[in-house]
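Engineer:
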Amino acid sequence: MPENNPDSRAIAEVRVGPDLFHVLCWVASAAAVATLGWIVYEIVSGAWPAIQKFGFGFLTSSSWVPNRENFGVFPFIVGTAVSSLIAILLAFPLGLAIAIFLSENFLPLPVRQFVRFVIEMLAAIPSVVYGLWGIFVVIPIIKAFGDWAVVHLKGIPLFEGPAYGNSMLTASVVLALMILPTLTAISRNALTAVPKTLREGAYALGATRWEAILGVILPTAAPGVVAATILALGRAMGETMAVAMLIGNSSRLSWSLLSPGGTLAGLLANQFGEADGLQVNSLMFAALILVVITLFVNVAGELVLRYTQNQTAGIR
Amino acid sequence: MDQPITHAPDFFHDNKAEATKAMARSFGNRVLTTICVSLSLLTLVPLVSIIFLVLKNGLPLLSWSVFTELPPGAGMTGGGFGNAVVGTLLMVGLGLVFSAPVGILSAIYINEYAPASALAQTVRVVAKLLTGIPSIICGVFAFAVVVAVSGTFSAWAGGVALAVLMLPTILLTSEQALMGVQSAFREASYGLGATRFQTIIRIVLPDALPAIMTGIMLAVARAAGETAPLLFTALFSQFWAKSLSEPTASLSVLIYNFSTVPFPHQIQMAWTASLVLVAFVTLANILAQLAFSKKH
């Protein structure tokens, strides 16, 4: 800017000072920030009558009886936690294996690119299509497995009969598939971010490929893999449609994975359209709990991810 | 990398124990590789199954008439989902109209005007947090601000819900797009006497446009497939949309509704709608990739 020339100072000030477009961009940024605040405000104010009436007991009560105005979401909180944890247990080994597969050169590049494309396709398929597929493919498989498990795994409370098709296990299996892309993509980034020198060092000391992976590369990438798992957990907890279509939407608590269950998101999907009065307030309260849980999980994941990036950036 | 280990027995030719150990290491290596590769290829199974079933069950009913006719009533045959296709396009369009200006202008602010300011930092954090919010919460929000206020389910409400869903994607990808513009371009522009506004509009935005389009197409692809935000904001309708202030059909809600009815024809229609939806989402994703590769 030609600031030392007095003649052009007036022009320069016009150019440097805030113009209309600058203000417009500022307003848009403020609006983006306000959106989050607005969402939280609307949900809290919508939930307020239910918060006042039920208070903390809303979280620990297990009865959801709309026509008696009796609301508690304990079974749905448990269902949200259980379904997403099982999904993580199922998806973690697969996701990690694929991430390693994609970052190593076991098979030629075109094959790896194809697998990567397939994983990206999994992310692009709408949730409701997973639900439809789950109804006609996963439910019969889980039902058959359940009938077998009830007879052969007798005595284990997790597989207690009767076995239903619409069950916690069905929802978890489909959830696992849906979070696989998130888990794979972030883990793969963490693995490829490990500096080449570490791998070369391991090989130079005589390590086999897997000794290098398990002894050097994975430990270095571990925080990134942990972040991927946490972020995938956040996704699983908020996932709605496929779960609502497959889990059976029951508010009864059961130890058995073969019984129907319910999640917070599924509860909202099922009841919001036809709710009125205190039920709407209670659903808003449930939505608030869901927002708090998912925000907490996502912030934790992001923090771990940021920590990881700082860590690997330091290695040369 | 397996090679040096197979030579190891010669290297330790005096020591039987060392040789067996090296063989065991080499064997373990192969076992782990096999497990890893087979687990990776295993994931192809569900995807192939989904694609196969969507094609097998969806193709028989696919014809031009499904795009021009209204959904069949309970137990009826024939019909289509023309109103749902229109509804989906309409609400994704509304969402885009609401979210794209805010997203792109915020991205310009946080990357061009004040990258280090407190507001810019907050915008980045908020955008990250918004991506983590479950899509059904966008529906709850739109229910509270549009449906509860206007007293009716409407395309407006669906559009608002989708806009909240699309905003973080558009904002963050636009920021990345602007970051990708070389600072030499900006400096050259200032050097020639252009103002900040001229530099942004004439130099930075045109260069970043393909990457911004990628973000928009990704947001469109995501929004088109979403059901949860529309379920209790736009609801559903058996008829053609006459205005934006009445319940509106969408492809995703149609699939949800028809998947739980006991009529084979409706279920088949749900598969056909899935085929159309997956095709649309895939197309949007491919367009996003094309827009991106145009530049790089």
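Just so you know, the protein sequences line up as chains V and R, in that order. Here the first sequence is numbered in the working numbering, starting from 1 and rising by one per residue. Here the second sequence is numbered in the working numbering, starting from 1001 and rising by one per residue. Positions of the beta carbon are idealized from the N, C-alpha and C atoms, including for glycine. Source: prediction; values computed, not measured.
Between which two residues does the alpha helix (DSSP H) harbouring residue 1190 of chain R extend?
Structural biologist: 1183-1191
Engineer: Straight-line CA distance for residue 13 of chain V to residue 1202 of chain R?
Structural biologist: Note that residue 13 of chain V scores 47 on pLDDT, short of 50, meaning its location in the model is unreliable and no value can be drawn from it.
Engineer: Going along the chain, which residues of the segment 1153-1184 of chain R sit with their C-beta nearer than 7 Å to a C-beta in chain V?
Structural biologist: 1164, 1167, 1171
Engineer: When the Cα of residue 237 of chain V is compared with those of V:56, V:34, V:77, which residue comes out closest?
Structural biologist: V:77
Engineer: Would you mind working out which of V:137, V:199, V:150 sits nearest residue 1057 of chain R, comparing C-alpha positions?
Structural biologist: V:137
Engineer: Kindly indicate if chain R contains any beta-carbon less than 8 Å away from that of residue 240 of chain V.
Structural biologist: yes
Engineer: Where do the ends of the alpha helix (DSSP H) carrying residue 130 of chain V lie?
Structural biologist: 127-133
Engineer: In the DSSP assignment, what residue or residues form a beta bridge with residue 70 of chain V?
Structural biologist: In DSSP, residue 70 of chain V forms a bridge with V:65.
Engineer: Is there at least one Cβ from chain V nearer than 8 Å to residue 1028 of chain R's Cβ?
Structural biologist: Yes, contact with chain V.
Engineer: Beta carbon of residue 1120 of chain R: closer than 7 Å to some heavy atom of the ligand ADP?
Structural biologist: Only the bare structure without any ligand can be found here, which leaves the ligand ADP out of the picture.
Engineer: Indicate whether at least one CB of chain R lies closer than 8 Å to the CB of residue 209 of chain V.
Structural biologist: yes
Engineer: Any idea what DSSP makes of residue 19 of chain V, helix, strand or coil?
Structural biologist: When secondary structure is reduced to three states using DSSP, residue 19 of chain V falls in the coil class, being assigned neither helix nor strand.
Engineer: Could you tell me which chain R residues have their CB closer than 7 Å to the CB of residue 125 of chain V, listed as they occur along the chain?
Structural biologist: 1050, 1278
Engineer: Helix, strand or coil for residue 1271 of chain R, going by three-state DSSP, please let me know.
Structural biologist: helix
Engineer: Given a limit of 9 Å on CB to CB distance, which residues of the segment 290-313 of chain V reach chain R?
Structural biologist: 290, 291, 294, 295, 297, 298, 299, 301, 302
Engineer: Contact between the segment 29-47 of chain V and the segment 238-258 of chain V is defined here as three or more beta-carbon pairs at a separation below 8 Å; is this criterion met?
Structural biologist: no
Engineer: With a threshold of 8 Å on Cβ separation, who are the neighbours of residue 310 of chain V within its own chain once the five nearest residues in sequence on each side are excluded?
Structural biologist: none
Engineer: For residue 280 of chain V, count the other beta carbons within 10 Å of its own beta carbon; 16 or more makes it buried, fewer makes it exposed. Which is it?
Structural biologist: buried
Engineer: Which whole-angstrom value describes the C-beta separation of residue 91 of chain V and residue 227 of chain V, a residue pair presumed to lie in contact below a C-beta threshold of 8 Å?
Structural biologist: With 8 Å as the limit, residue 91 of chain V and residue 227 of chain V do not qualify as a contact, their Cβ atoms being about 15 Å apart.
Engineer: Give a yes or no on whether 8 Å exceeds the smallest Cβ distance from residue 261 of chain V to chain R.
Structural biologist: Judged by the 8 Å Cβ criterion, residue 261 of chain V is not in contact with chain R.
Engineer: Considering only their Cβ atoms, is the gap separating residue 1243 of chain R from residue 1084 of chain R smaller than 8 Å?
Structural biologist: no
Engineer: Quick check: the Cα distance between residue 1017 of chain R and residue 95 of chain V, rounded to an integer number of angstroms?
Structural biologist: 37 Å
Engineer: Since I believe residue 1070 of chain R is in contact with residue 1310 of chain R (beta carbons under 8 Å), could you give me their beta-carbon distance rounded to a whole number of angstroms?
Structural biologist: The structure shown does not extend to residue 1310 of chain R, since chain R spans only 1001 to 1296, so no value can be given for it.
Engineer: Could you tell me whether the Cβ of residue 1228 of chain R comes closer than 8 Å to any Cβ of chain V?
Structural biologist: yes
Engineer: Measure the beta-carbon distance from residue 1110 of chain R to residue 1123 of chain R and round it to whole angstroms, keeping in mind my assumption that it falls under 8 Å.
Structural biologist: 5 Å
Engineer: Let me know the secondary structure DSSP gives residue 107 of chain V once reduced to three states.
Structural biologist: coil
Engineer: If you measure from the beta carbon of residue 1186 of chain R to each beta carbon in chain V, is any gap under 8 Å?
Structural biologist: no
Engineer: In whole angstroms, give me the CA-to-CA distance for residue 1029 of chain R and residue 1019 of chain R.
Structural biologist: 15 Å
Engineer: Just the Cα atoms here: how many angstroms apart are residue 1161 of chain R and residue 172 of chain V?
Structural biologist: So the alpha carbons of these two residues sit roughly 27 Å apart.
Engineer: Do residue 50 of chain V and residue 285 of chain V have their C-beta atoms within less than 8 Å of each other?
Structural biologist: yes
Engineer: Check whether the Cβ atoms of residue 119 of chain V and residue 98 of chain V lie closer than 8 Å to each other.
Structural biologist: yes
Engineer: Quick check on residue 1001 of chain R - is its C-beta less than 8 Å from some C-beta in chain V?
Structural biologist: Because residue 1001 of chain R carries a pLDDT of 46, less than 50, the predicted location of this residue cannot be relied on, and the following value inherits that uncertainty. Closer than 8 Å: yes.
Engineer: From what residue to what residue does the alpha helix (DSSP H) around residue 1243 of chain R run?
Structural biologist: Run containing residue 1243 of chain R: none; DSSP gives neither H nor E here.
Engineer: Along chain V, in chain order, which residues have C-beta atoms closer than 8 Å to that of residue 1127 of chain R?
Structural biologist: Simply 32.
Engineer: Can you pull the chain R neighbours of residue 128 of chain V, defined as C-beta to C-beta under 7 Å?
Structural biologist: 1227, 1252, 1255, 1256
Engineer: Between residue 216 of chain V and chain R, is there a C-beta pair that is closer than 8 Å?
Structural biologist: no
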